[in-house]
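Chemist:
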Amino acid sequence: MKGFWKLAWVEIKLYLRQPEAAFFTLVFPMLLLFLFGSIYGNTPNPFFGNRGMVDVSTPAYLAMIIGSTGLMSMAITVSSNREKGVLRRYRATPLRPAAVLASQVIVNFLMTLFGGVLLIASARLVFGLRFEGRPLDVLLGFTLSCLSFFAVGFLLASVARTARAANILGMVLYFPNLFLSGATIPKQIFPPAVKAVSKFIPLTHVVNLLQGLWIGNPLGKHLLEIAVLAGLLVLGVAVSAKAFRWE
Amino acid sequence: MPSATPAIEIESLAKSYGRLRAVDGISFKVGTGEIFGMVGPNGAGKTTTIECLEGMRFPDGGVVRVLGLDPRKDGQELRERTGVQLQQSALPDDMRVWEALDLFASYYRKPAAWQPLLDRLEIADKRNARFSKLSGGQKQRLFIALALVNDPELVFLDELTTGLDPHARRSMWDLIRAIRERGKTVFLTTHYMEEAEHLCDRVLVIDHGRIVALDSPANLVRGLRSEIRILFTAEPGFDPAPLRSLPGVARVEKNGEKVIVAGQGDRLIVVVVNALDAAGARFRDLRTEQPDLEDVFLALTAESGLDGGLR
Chain V
5 MKGFWKLAWV EIKLYLRQPE AAFFTLVFPM LLLFLFGSIY GNTPNPFFGN
55 RGMVDVSTPA YLAMIIGSTG LMSMAITVSS NREKGVLRRY RATPLRPAAV
105 LASQVIVNFL MTLFGGVLLI ASARLVFGLR FEGRPLDVLL GFTLSCLSFF
155 AVGFLLASVA RTARAANILG MVLYFPNLFL SGATIPKQIF PPAVKAVSKF
205 IPLTHVVNLL QGLWIGNPLG KHLLEIAVLA GLLVLGVAVS AKAFRWE
Chain H
240 MPSATPAIEI ESLAKSYGRL RAVDGISFKV GTGEIFGMVG PNGAGKTTTI
290 ECLEGMRFPD GGVVRVLGLD PRKDGQELRE RTGVQLQQSA LPDDMRVWEA
340 LDLFASYYRK PAAWQPLLDR LEIADKRNAR FSKLSGGQKQ RLFIALALVN
390 DPELVFLDEL TTGLDPHARR SMWDLIRAIR ERGKTVFLTT HYMEEAEHLC
440 DRVLVIDHGR IVALDSPANL VRGLRSEIRI LFTAEPGFDP APLRSLPGVA
490 RVEKNGEKVI VAGQGDRLIV VVVNALDAAG ARFRDLRTEQ PDLEDVFLAL
540 TAESGLDGGL R
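Going down the list, the sequences are from chains V and H. Take any residue in the first sequence, count from 1 to its spot, add 4: that is its number in this note's numbering. Take any residue in the second sequence, count from 1 to its spot, add 239: that is its number in this note's numbering.
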C-alpha cells in the first residue's frame, strides 16, 4: 500500500485540474438546482407527492453526478491513462496493479461525494431542502450506485480500444441515462412511452433508489433497484477482469 | 550480495508473439557495474528482451535472473531495486514535475532524495511545469529521474536519447557514466552506434531475435577487419604508384589532387607517411577514416536484409 494514498491525493488534484470533469461533477448539478429551484421554488406540491421540486430533484441530481463520474470520468481517465502509457509506467513500479485501479475508484467516489455534499448543502441553505430518510440508508444506496456505475465505466474502458472510443461510448450512454432516467427532468412529467423506455435505463434505478431512500422508504422497498445495480456491478467487474488491458 | 553474482543472467531466452519469434534463444550475462548496450535494427528483439528483464513481459522459455531474482516470481522485489525508463510511456498531462517525483518516490521502501535529481537532470526550473507542457527532451529527462528515484542497483534505459538534441545527448552520457561511478549497473538499448561506442563497456548486437555479436566496442571494430583509409591532398604531378608496394596497402586511388590509400594494420599510417616523407612528396589535409561501430553494425546485420522490416 506504499504510495497508495499519495497517488489518490495526486489523482484528486488531477481530477480538479480537468475543467470538464469538475464541471459535470460540481458545477452542472448546482446550475440545474439554482435554475429549477428559482423557477419552481420548493413549495410542497401534490404533483411531487406533496413534496417540493427541490426535495425531489436533489436525490435525482445525486444520480446525475454518479452517472457522470462513472460513465465519463472513470471511463475516460482509465482509457486515456492506458492509451498514453501512464498505466504502463505505474506498472513498472512496486505499486500493486490493484492499487492503481483502487485509487481511481476512491478518487471518483470522493469527488462524487464532494459534488453531492455541495449540492445538498446548497439545496438546504438556499431552498430549505427537506430530508425524511435515514442517512445511513442513503449513504449505502449512494455507495452501491457509485460502485455499480464505476464498474460500468471500467467496463467501457476495458472494451474500448482507444480513449476516443471510450469517450464516445461514455457519451452515447451518458446522455440517454441523464435525460431518460429522471435524473434531470422529473419522471412525473414523462409521457407514457418515455416512462416505458425509462425502465430500461440503468440510471433510472439509481434515481428511484435515492429518491425513495430520501423520503424514508426502507431498503427492502427497493429490492428491484438494488438487484439491478448489484447486477451491473457484477457484470462490470466480471467483464473488466476478463477484458481489461494494461497497455 | 557477493559481487561475483552477475547483475543480469539470461539463458536461452525465448519469446514469441503468435508465429513471430521476437527473441529466439539468447544467452548472456551482465556484470555488476557494467554499462551494457544492446543494439539492433527495429524489431530485432531489443525491447522484448529488456521488457523480459524488467518483468514487464514474461518469456516463453529460458531462464532469466536479474539481481539474482526471477522477474516472474519476485517482480515486486525486482521493481523495488531496479529503475526503469520505458520506451513508450507517459504521465497524466496535468501532473506537475515535482508531483511525479514525489509520487514515484513514495512507491519505494528506500527512495532517493528527488530534489538533487532535478538538478542533475537540469529540470529544476521545470519543477512546477505540467507534464504536457514539457518538451520531448525534458520529458525524457524526467523519465530518467523517475528511473533513479529509488536509487536502484540496476537501471534499464530503453532508447534513452531518442528525440534528444546532440548537446542533450552528450550530457545524458555524462549522467550515465556518473550513475555507473556510483557502482550501479546500466542496461541500455540504443539506435545510435555512436552512443554505444562512447558509452558502453560491452555491446550486444541482436538481429532477428538472435545474438549476432557481443564484445567491447573496440573489439567489435577490430574484429570487423575492415580497411583503414588514408586521405590526403598532393601536389599536381604526384605519382602514387610507389605507395602500392608498401606493406599493408591494398589499393591506392588518385582523383585529381586527392589521393586515397586503403589498407589494413595499425602501422599503415606510419608506413604511408614515412614513405611520402622519404620521397620528398608534399601533402596536406591528411586524415584517416577508420571503421566504427556503425560499420560493424551494418556489416553484421547486412545479411538479414534491409532493416529487418516490421517483426
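Note that the Cβ used here is the ideal one computed from N, Cα and C, for glycine as well. Here the structure is a predicted model, which is why all the values come from computation and not from measurement.
Report the residue from H:449, H:483 and H:418 whose alpha carbon sits nearest the alpha carbon of residue 271 (chain H).
Modeler: When only C-alpha atoms are compared, the closest one is H:418.
Chemist: Find out if the Cβ-Cβ distance for the pair residue 239 (chain V), residue 210 (chain V) is shorter than 8 Å.
Modeler: No, the pair does not count as a contact, with Cβ atoms beyond the cut-off.
Chemist: Would you please state the rounded distance, in angstroms, between the beta carbons of residue 349 (chain H) and residue 389 (chain H)? I believe it to be under 8 Å.
Modeler: Residue 349 (chain H) to residue 389 (chain H), Cβ: 7 Å. Contact.
Chemist: How would you label residue 94 (chain V), buried or exposed, when you count the other beta carbons within 10 angstroms and need 16 or more for buried?
Modeler: Buried: at least 16 other Cβ atoms inside 10 Å.
Chemist: How should residue 240 (chain H) be labelled, buried or exposed, when 16 other C-beta atoms within 10 angstroms of its C-beta is the threshold for buried?
Modeler: Caution applies to residue 240 (chain H), whose pLDDT of 41 falls short of 50 and renders its modelled position unreliable; the model cannot decide the point.
Chemist: For the segment 198-212 of chain V against the segment 121-128 of chain V, are there 3 or more C-beta pairs whose distance is under 8 Å?
Modeler: No contact exists between the segment 198-212 of chain V and the segment 121-128 of chain V.
Chemist: Keeping to the same chain, check which residues put their C-beta closer than 8 Å to that of residue 387 (chain H); ignore five residues upstream and five downstream.
Modeler: Excluding positions up to five away in sequence, the list reads 322, 351, 356, 394 and 418.
Chemist: Suppose you measure from the CA of residue 442 (chain H) to the CA of residue 286 (chain H); what does that come to, to the nearest Å?
Modeler: Cα to Cα, residue 442 (chain H) sits roughly 15 Å from residue 286 (chain H).
Chemist: What is the rounded straight-line gap between the Cα of residue 483 (chain H) and the Cα of residue 474 (chain H)?
Modeler: Rounded to the nearest angstrom, the two C-alpha atoms are 18 Å apart.
Chemist: Helix or strand or just coil, what does DSSP make of residue 362 (chain H)?
Modeler: Here residue 362 (chain H) sits in coil by DSSP.
Chemist: Using a Cβ-Cβ cut-off of less than 7 Å, give me the residues of the segment 324-335 of chain H that come near chain V, in sequence order.
Modeler: Those residues of the segment 324-335 of chain H that come within reach of chain V (Cβ to Cβ, closer than 7 Å) are 325, 327, 328, 329, 330, 331, 333 and 334.
Chemist: Closest to residue 552 (chain H) by CA distance: which of H:511, H:317 and H:310 is it?
Modeler: Residue coverage of chain H in this structure runs from 240 to 550, which leaves residue 552 (chain H) outside it and unanswerable.
Chemist: Using the Cα positions of residue 108 (chain V) and residue 12 (chain V), report the straight-line distance between them to the nearest angstrom.
Modeler: One C-alpha to the other measures close to 7 Å.
Chemist: Going by Cα to Cα distance, which pick from H:273, H:364 and H:391 is closest to residue 316 (chain H)?
Modeler: The candidate whose alpha carbon is nearest that of residue 316 (chain H) is H:391.
Chemist: Would you kindly work out how many angstroms separate the C-alpha atoms of residue 218 (chain V) and residue 56 (chain V), rounded to a whole number?
Modeler: Each residue's Cα considered, the two are about 13 Å apart.
Chemist: Under 9 Å Cβ-Cβ, which residues of chain V neighbour residue 297 (chain H)?
Modeler: Under the 9 Å cutoff, chain V gives no residues; its nearest Cβ is about 13 Å from residue 297 (chain H).
Chemist: Using a beta-carbon distance below 8 Å, is residue 208 (chain V) in contact with chain H?
Modeler: It does not: the Cβ of residue 208 (chain V) has no partner Cβ on chain H nearer than 8 Å.
Chemist: Which whole runs of the alpha helix (DSSP H) in the segment 422-494 of chain H are 4 residues long or more, in chain order?
Modeler: Fully enclosed alpha helix (DSSP H) runs of 4 or longer: 432-438 and 456-463.
Chemist: Report yes if the C-beta distance between residue 415 (chain H) and residue 384 (chain H) is below 8 Å; otherwise report no.
Modeler: The answer is no: Cβ separation not under 8 Å.
Chemist: If we ignore side chains and look at the alpha-carbon of each, how far apart do residue 230 (chain V) and residue 172 (chain V) end up?
Modeler: Each residue's alpha carbon lies about 28 Å from the other.
Chemist: Quick one: list the residues of chain H neighbouring residue 85 (chain V), beta-carbon separation under 8 Å, in chain order.
Modeler: Those within 8 Å of residue 85 (chain V) in chain H are 331.
Chemist: Can you have a look at residue 324 (chain H) and say buried or exposed, based on whether 16 or more other CB atoms are within 10 angstroms of its CB?
Modeler: The residue is buried, with at least 16 neighbouring Cβ atoms inside 10 Å.
Chemist: If the cut-off is 7 Å on Cβ atoms, which residues from the segment 304-319 of chain H count as contacting chain V, listed in chain order?
Modeler: Listed by position, the residues of the segment 304-319 of chain H near chain V (Cβ gap below 7 Å) are 315, 318 and 319.
Chemist: Just grab the DSSP bridge partners of residue 255 (chain H) for me.
Modeler: According to DSSP, which records beta bridges pairwise, residue 255 (chain H) is partnered with H:260.
Chemist: Mind listing the chain V neighbours of residue 345 (chain H)? Cutoff is C-beta to C-beta under 7 Å, in chain order.
Modeler: The contacting residues are 6, 7 and 10.
Chemist: Tell whether a beta-carbon distance below 8 Å holds between residue 115 (chain V) and residue 19 (chain V).
Modeler: Yes.
Chemist: Could you have a look at residue 266 (chain H) and say whether DSSP puts it in helix, strand or coil?
Modeler: Three-state DSSP puts residue 266 (chain H) in a strand.
Chemist: Compare the C-beta of residue 373 (chain H) against all C-beta atoms of chain V and say whether one is closer than 8 Å.
Modeler: By this cut-off, residue 373 (chain H) is not an interface position.
Chemist: Which residue from H:274, H:281, H:248 and H:400 puts its Cα closest to that of residue 448 (chain H)?
Modeler: Selected option, being the one with the closest Cα: H:281.
Chemist: Does the distance from the C-beta atom of residue 247 (chain H) to that of residue 428 (chain H) stay below 8 Å?
Modeler: Contact flag unset, no.
Chemist: Mind reading off the beta-carbon distance from residue 182 (chain V) to residue 71 (chain V)? Whole number of angstroms is fine, and I expect it under 8 Å.
Modeler: Right, their Cβ atoms sit about 6 Å apart.
Chemist: With distances taken between CB atoms, is the gap from residue 275 (chain H) to residue 439 (chain H) smaller than 8 Å?
Modeler: Their beta carbons are under 8 Å apart, which means residue 275 (chain H) touches residue 439 (chain H) by this criterion.
Chemist: Let me check one thing: in DSSP terms, what residues is residue 300 (chain H) bridge-paired to?
Modeler: For residue 300 (chain H), which the question treats as bridged, DSSP gives the partners H:253.
Chemist: What residues in its chain sit with their C-beta under 6 Å from that of residue 63 (chain V), if we drop five residues either side in the sequence?
Modeler: 214, 215 and 218, listed in sequence order.
Chemist: Measuring only between beta-carbons, confirm whether residue 431 (chain H) sits less than 8 Å from chain V.
Modeler: Cβ-Cβ to chain V under 8 Å: no for residue 431 (chain H).
Chemist: Roughly how many whole angstroms lie between the Cα atoms of residue 247 (chain V) and residue 41 (chain V)?
Modeler: Going from the Cα of residue 247 (chain V) to the Cα of residue 41 (chain V) covers about 43 Å.
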